[in-house]
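In the numbering used here, the protein residues as written are 6 to 147.
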């Protein structure tokens, strides 16, 4: 969709630190992460909310989200993950996206207050993306 930053990322027209690029979706680092390694997962097709995602796409899309949760834990040494999405209200980009955020005990994240951080530079962001991608379990259909 013209003007959608996430569609631009999917198409390769907008710079992003990709973690996964698969038929079911694209995953990349959030530019303003809650914690470093915070990934956004988007479907390849432009849909605005979860209710717009076709039922036959759910398993593949959430399978990718699930595998990324595993990759964040093993690739970053996270104790767990926080997985969330907004639909319309508080949705910063009108393209369905799921946040997969690495968590550690005592990291300070409470409720829905999401402090944001930044990567020191592109090299640090690429390092986080590469560490996560290296641990991403193989797609079951690959």
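Beta carbons are placed, not taken as given, at the ideal position from N, Cα and C, and that holds for glycine.
Cross-strand partners of residue 18 (DSSP beta bridge): Taking the first residue of the chain shown as 1, we reach residue 18 at position 13. Bridge partners of residue 18: none, in fact.
At least 3 beta-carbon pairs within less than 8 Å: the segment 50-62 vs the segment 135-143: no
Residue 28 burial status per 10 Å Cβ neighbour count (16 or more: buried): The sequence position of residue 28 within the chain shown is 23, counting from 1. Per the 10 Å Cβ criterion, exposed.
Spatial distance of residue 32 from residue 26 (CA atoms): The count along the chain shown starts at 1 and reaches residue 32 at position 27. The count along the chain shown starts at 1 and reaches residue 26 at position 21. Their backbone Cα atoms lie some 6 Å apart in a straight line.
Local Cβ density within 10 Å of residue 86, reported as buried at 16 or more and exposed below that: Residue numbering aside, residue 86 sits at position 81 when the chain shown is read from its first letter. That one is buried.
Residue 62 CB to nearest heavy atom of the ligand COA below 7 Å: The ligand COA is not part of the structure shown, which contains no ligands of any sort.
Cutoff 8 Å; reference residue 136; Cβ partners in own chain excluding five residues on either side: In the chain shown, the residue the question calls residue 136 occupies position 131. Result list for residue 136: 42, 80, 81, in chain order.
Nearest residue (CA-CA) to residue 105, options 14, 98, 40: For the purposes of this step, residue 105 is identified with residue 100 of the chain shown, where counting begins at 1. Closest option to residue 105, Cα to Cα, is 40.
Residue 105 - DSSP class collapsed to helix/strand/coil: As a working mapping, residue 105 is identified with position 100 in the chain shown. Residue 105 falls in the strand class under three-state DSSP.
Classification of residue 125 by the beta-carbon crowding that lies within 10 angstroms, buried from 16 upward: Against the chain shown, residue 125 aligns to sequence position 120. With fewer than 16 other Cβ atoms within 10 Å, it is exposed.
Segment limits, beta strand (DSSP E) that includes residue 32: Locating residue 32 in the chain shown gives position 27, where the first residue counts as 1. Residue 32 -> beta strand (DSSP E) spans 30-34.
Alpha-carbon to alpha-carbon, residue 30 and residue 75: Looking up residue 75 in the chain shown gives position 70. Looking up residue 30 in the chain shown gives position 25. The straight-line gap from Cα to Cα measures roughly 16 Å.
Reference residue 121; option with closest CA among 38, 15, 109, 7: Position 116 of the chain shown, counting from 1, holds the residue named residue 121. Ranking the options by Cα distance to residue 121, first place goes to 38.
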